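Sequence lines, in order, name chains L and S.
Residue numbers for the first sequence follow the numbering used here, beginning at 1 and rising by one.
Residue numbers for the second sequence follow the numbering used here, beginning at 1001 and rising by one.
Encoded as C-alpha cells, the structure appears first; notes follow it.
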Amino acid sequence: MAFQIIEGCVSCWACEPLCPSGAIVAATPHFQIDAKQCTECEGDFAEPQCASICPVEGVILDGLGVPVNPPGSLTGIPPERMAAAMAEIQAR
Amino acid sequence: MALKVLSQEEGVSVGGCVASGCGSSADRLAHLPEAIRAKVNNHPCFSEDAHHHYARMHVAVAPACNIQCHYCNRKYDCSNESRPGVVSEVLTPDQAVKKVMAVAAAIPQMTVLGIAGPGDPLANPARTLETFRQLSEKAPDIKLCVSTNGLALPSVVDELCQHNIEHVTITINCVDPDVGAKIYPWIFWNNRRIKGRRAAEILIEQQQKGLEMLVARGVLVKVNSVLIPGVNDEHLQEVSRVVKAKGAFLHNVMPLIAESGHGTFYGIMGQRGPTTEELQSLQDSCAGDMAMMRHCRQCRADAVGMLGEDRGHEFTLDKIEHLDIDYAEAMTRRAEVHAAIEANRAAQHQRTGEVFVSLASLKRKVPAKPESRPVLMAVATTGGGVINQHFGHAREFLIYEAAGLDVRFIGVRKVDLYCSGDATCGDAETALQKTLRALDGCEVVLCSKIGYEPWGQLEAAGIAPNGEHALEPIEEAIAAVYRELAESGRLEQPGVEQQRMSA
C-alpha cells in the first residue's frame, strides 16, 4: 500500500525531508510519492509523516484513496460549522 | 546628539519613539549597553535610523514549515505580492551564497543577510545552517540573522550561535494558549500533528524557552507580533511585558494582512486587519514597556535592497549564475561605502541635535503653557535620512508626529498596500486616490518636488504639500515646518482629526 499526492499540493517542501523511505519526489506541477518506496511509515512512525505536516486538506490520499486530511480537519472547522465561524470572525 | 531621551519612566511623553526614531543613538535604544548599540548601528531592521542608510536581503532557502498560522498561505509563489512568506524561487544553500555575494558587491550598503522563509528557517535546519556556515566564512562583513516561529528554536540554539548569528527574530503572537488556539490550528511536533489549544501551548512554551536561551547566550532578540483585531489586540500588551522581562530588546507589532485573494484562512474567512489608528494606539500603549519598532515593511522572504524597495528581480538565478565575484575587492569597496555613510550620519545627527535641543529647551522653560497640538506629517524619501523623493514617485511615506516637545517617528504607510498587481486585482482607484488615502490624518506632506495636479488635490484634502525642504534631514525639516505652523497660528485651529470628530 502507498500514499499518493494529488492536485492541490502547493509544493511547499514540508513533507520531503520527513519521509523515512525517501519516497517523495519534488516533481512538477506538484510533488509525487513513489508508490514503490512508500511504506506508509509503518515500522518507522506511529503516524504517516507526510500527511502529518501537509498544510493542505485533501491532497494526500491513503492506500484506499481516502484523504488523510479531510475537509475541516486542518482548519479545525468542520464544513457544517463554516458559516457560523465565518460570521463570528467577521464580527471581530 | 544631546537631546534628552524622553521615556515613560519620567512621565514625560506618551509615545515610545522620540526624536531620531526608534533606532538611533539618542533614542529608545539609548538605555542599552554600548556593545549592543554597536551591534544594531547598521542593521536596518533593528535600528530605525540605520534603515535610512543601509540595505538588507533575504534568501529563500527555507521552504518547509512546522506550524500553520491562520494568516499564512503555504502557496508562496507570487511575483506581484510583497508580504512575508512570499517568494519567487526557492534557492539551495550554494545558490543563496552566490546570490548574497553578488548583491553585496552590487549594493555595498547591504549589511544584513536574513533567512526568513518562505517557511520556517529552523524547520529547515540543514539548509539554513549550511547557508550561514558558508557565509560566515566567505563574507565575514555581513551580519547574519534569522527569523523563526520559535517551535524548533531550543533544539538549534547552540548550532545557530556557532555560526555567529547575532540577531534573531521570533514571531510571538500570544503567551496565552487560548488566544493561540485562534491563531494556530496545528503544529508538527515530535513527528505528530497536534491541534487546538495543546498545539498553542507547546508552541508558546518553546518560543519562551528559545527566547531565554538566546538571551542567555548574548544574542539580540527582536519579537514580531501580528496584530489581529478581536483575537490578540488586547493581549499584545501582555506579550510586550513578558518578552521584555525575558530580555527581548525590540518589539515589532505589525498589522495583519488579510485579503481573500491571498488564500489565507483569515483572508477567506473575512477576518479584518487593524486600522492605522488601532495599530498606532497599540504600539503606543506597548511603548511604555519596551522599545517598539515602527519602520517594518513586512517584506518578502526574498527581498533585496533598502527596506521598502525590492531589487530582487535584478538578482534572479539566471542573472547571477555566470558572475564571478572577487569578494576581497568587494569588501574593500563596501568598507569605504560604510565609512562614508557613517560620516554622513554623524554630520546629520549633529545638525539635528542642535535643532532639537533648542526646540526642547525652549519648551521646558515654559511648562505652564499647554502643550501645542501634535501634527502628523508625511515624508517622501528614498533613504539617506533626507527628504529626496518626488511626490509622484513615492510608493510609501514615513509618518512623523511633531509636537511641542519632540518629533517622533510613527510608522510607514504604503501607497499600494501589499499588492502591486495589475488591473485584474479589481482595484480601480487611481494612484493619487490611493496616495491620498495613505496620507489620511496627515496635515503636511514633505517631498523634494510635486506636480501641479496633486498639489491642488492635496490642498483640497486638507494636506499642505511642502517642497521647500528638499535634501534636508527629515527631522530637522519637520521641526522647522512645525515652528512655522506654530508661528502662523495654525496650531490653534483644530487639526483634521478634531474637525472630523466635531463634524
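All C-beta atoms, glycine included, are put in the ideal place defined by N, C-alpha and C.
All values derive from a computational prediction rather than experimental measurement.
Item                                                                                                                         : Value
CA nearest to the CA of SER1147 of chain S, picked from S:PHE1409, S:LYS1222 and S:GLY1467                                   : S:LYS1222
contact_flag[the segment 1157–1176 of chain S, the segment 1087–1100 of chain S] where n(CB pairs < 8 Å) is 3 or more        : no
For MET1057 of chain S, the first and last residue of its enclosing beta strand (DSSP E)                                     : 1055–1058
CB contact below 8 Å: GLN90 of chain L versus chain S                                                                        : yes
Nonlocal neighbours in the same chain, by C-beta distance under 7 Å from GLY8 of chain L, ignoring five residues either side : VAL56, GLY58 and VAL59
Option in S:LEU1214, S:VAL1156 and S:ALA1102 with minimal Cα separation from PHE1315 of chain S                              : S:ALA1102
Inter-residue Cα distance where the pair is ILE1107 of chain S and ARG1294 of chain S                                        : 24 Å
Where the beta strand (DSSP E) containing MET1306 of chain S begins and where it ends                                        : Counting along the chain, MET1306 of chain S falls outside any beta strand (DSSP E), and DSSP gives it neither H nor E.
Contact residues within the segment 6–24 of chain L, judged by C-beta distance below 9 Å to chain S                          : VAL10, SER11, CYS12, TRP13, ALA14, CYS15, GLU16, PRO17 and LEU18
Stretch pair the segment 1209–1229 of chain S + the segment 1185–1199 of chain S: three plus CB contacts closer than 8 Å     : no
Selection from S:HIS1262, S:ARG1272 and S:TYR1054 that minimises the alpha carbon distance to ALA87 of chain L               : S:ARG1272
Exposure label - GLN49 of chain L; buried when at least 16 CB within 10 Å                                                    : buried
Contact under 8 Å by Cβ, PRO1063 of chain S with PRO1125 of chain S                                                          : no
Cα-Cα separation, ASP1158 of chain S to VAL1481 of chain S                                                                   : 51 Å
Per-residue DSSP class, three states only, for LYS36 of chain L                                                              : coil
Under 8 Å by beta carbon: chain S residues contacting ALA84 of chain L                                                       : Ordered by position in chain S, no residue passes the 8 Å Cβ test against ALA84 of chain L, which lies about 11 Å from the chain.
Burial state of GLU1048 of chain S, where buried means 16 or more other Cβ atoms lie within 10 Å                             : buried
For GLU1259 of chain S, the first and last residue of its enclosing beta strand (DSSP E)                                     : Taken as a continuous stretch (DSSP letters only), GLU1259 of chain S belongs to no beta strand (DSSP E), as it is neither H nor E.
Counterpart residues of HIS1167 of chain S in DSSP-defined beta bridges                                                      : S:CYS1145 and S:LEU1220
Other residues of its chain near CYS1286 of chain S: CB distance less than 7 Å, five sequence neighbours each side excluded  : LEU1236, GLN1237, SER1240, HIS1251, VAL1253 and MET1292
Counted within 10 angstroms of its Cβ, other Cβ atoms place MET1 of chain L as buried (16 or more) or exposed                : exposed
Neighbour list for PHE45 of chain L in chain S, Cβ cutoff strictly below 9 Å                                                 : ASN1191 and ARG1192
Reference GLY1150 of chain S; option with closest CA among S:ALA1181, S:LYS1075, S:ASN1066 and S:TYR1400                     : S:ASN1066
Within chain S, the residues that LEU74 of chain L reaches when beta carbons sit closer than 8 Å                             : GLN1068, PRO1185 and TRP1186
DSSP state of TYR1184 of chain S mapped onto helix, strand, coil                                                             : coil
Residue(s) in a DSSP beta bridge with ALA1062 of chain S                                                                     : S:PRO1118
Any chain L beta carbon closer than 8 Å to VAL1231 of chain S                                                                : yes
Reduced DSSP category for ILE95 of chain L - H, G, I as helix; E, B as strand; rest coil                                     : Outside the displayed span of chain L (1 to 92) sits residue 95 of chain L, for which this structure offers no information.
Buried or exposed (CB count within 10 angstroms, at least 16 for buried), THR1430 of chain S                                 : exposed
Beta-ladder partner(s) of PHE3 of chain L, from DSSP                                                                         : Answer by DSSP bridge pairing: none, since PHE3 of chain L is not bridged.
Nearest neighbour of ASP1318 of chain S, chosen from S:GLU1034, S:GLU1089 and S:HIS1058 [CA to CA]                           : S:GLU1089
Option nearest ALA1105 of chain S by Cα separation, candidates S:GLU1401, S:CYS1069, S:GLU1205 and S:GLU1329                 : S:GLU1329
Sequence-distant residues of its chain with Cβ nearer than 7 Å to ALA1477 of chain S (five each side left out)               : ILE1387, LEU1446 and HIS1469
Three-state secondary structure assigned by DSSP to LEU1211 of chain S                                                       : helix
8 Å Cβ cutoff, GLN49 of chain L in contact with chain S                                                                      : yes
Those residues which DSSP pairs with ILE60 of chain L across a bridge                                                        : L:ILE5
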